[in-house]
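Here's the structure, in structure tokens; my notes come after.
Residue numbers (the numbering used here): 1 to 227.
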């Protein structure tokens, strides 16, 4: 984490060179900033923080920009440092991240495609972590992540889904996603965090595995997520 903060501070002071525009420049900034010390993209980087291989599928560029500008303004207890990037540097990183939609995994190289995983729930646990579900719903589905003007003000916890959903219903929900979360104030802005239609990225077997994992969760074994 210290290494990441140091690199981010250097980047903010203008150490990065080159034309700050477009996804290619953003990748260079992302690496120079030391983001890979905490995050993975494809097979590269660290699993300290959320995997970003599918972050452009999960989040809008608008949300990514707000998050990078001031993480603690969005989630006060996050470990993510405020890098104090220049507007130009931040926008190049946002452009790069907005393009991350799973293409950085090699064919057959997605982390859950392993014969060593013993059952569907074990596969689902890896999908949950590495596809990035954990980045919104938290470790063990504990929830608690802010989503301003969404009903309840937060992204739903998933560690009680076994009480309200059958497996088939849960698969259908994950497959379709939630394009428009219910608003707390109907006249207010749309919530920025939405659940994507995971059926666009996951196979039927993978959706089944995610549902199998979610149905094992309960509040009793919830863990706090620092991200």
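Backbone N, C-alpha and C define an ideal beta-carbon position, used for all residues, glycine too.
Use the C-beta contact count for residue 163: other C-beta atoms within 10 angstroms, 16 or more gives buried, fewer gives exposed. In summary, residue 163 is exposed, with fewer than 16 beta-carbon neighbours lying within 10 Å of its beta-carbon over all protein chains present.
List the whole-angstrom C-beta distance separating residue 143 from residue 121, where the pair is believed to meet the contact cut-off of C-beta under 8 Å. That pair is no contact at about 19 Å.
Just confirm the distance between the C-beta atoms of residue 150 and residue 181, as a whole number of angstroms; I'd bet it's less than 8 Å. 5 Å
Expressed to the nearest angstrom, what Euclidean distance is found between the alpha-carbon atoms of residue 62 and residue 115? Their Cα atoms are separated by approximately 38 Å.
Using a 10 Å radius around the Cβ and a threshold of 16 neighbouring Cβ atoms, would you call residue 89 buried or exposed? buried
Backbone CA spacing between residue 78 and residue 138 [nearest angstrom]: 12 Å
Return the CA-CA distance between residue 177 and residue 44, expressed in angstroms with no decimal places. Answer to the nearest angstrom: the Cα atoms are 28 Å apart.
Would you mind sorting residue 206 into buried or exposed? The rule is 16 or more other CB atoms within 10 Å of its CB. buried
Here's a check: name, in chain order, each residue in its chain whose Cβ is nearer than 7 Å to the Cβ of residue 74, leaving out the five neighbours to either side. Result list for residue 74: 66, 67 and 146, in chain order.
Residue 71 (DSSP reduced to helix, strand or coil): helix
Please determine, among 204, 152 and 203, the residue with the shortest C-alpha to C-alpha distance to residue 186. 152
Local conformation of residue 146 per DSSP, three classes: strand
Going residue by residue through the region 42-117, where are the continuous alpha helix (DSSP H) segments of at least 4 residues, counting only ones entirely within it? 55-58, 61-69, 71-74 and 87-98
Could you give the distance in angstroms between the alpha-carbon of residue 211 and the alpha-carbon of residue 171? 6 Å
Is the beta carbon of residue 96 less than 8 Å from the beta carbon of residue 173? no
Could you tell me which of 196, 42, 219 and 201 sits nearest to residue 106, measuring between CA atoms? 42
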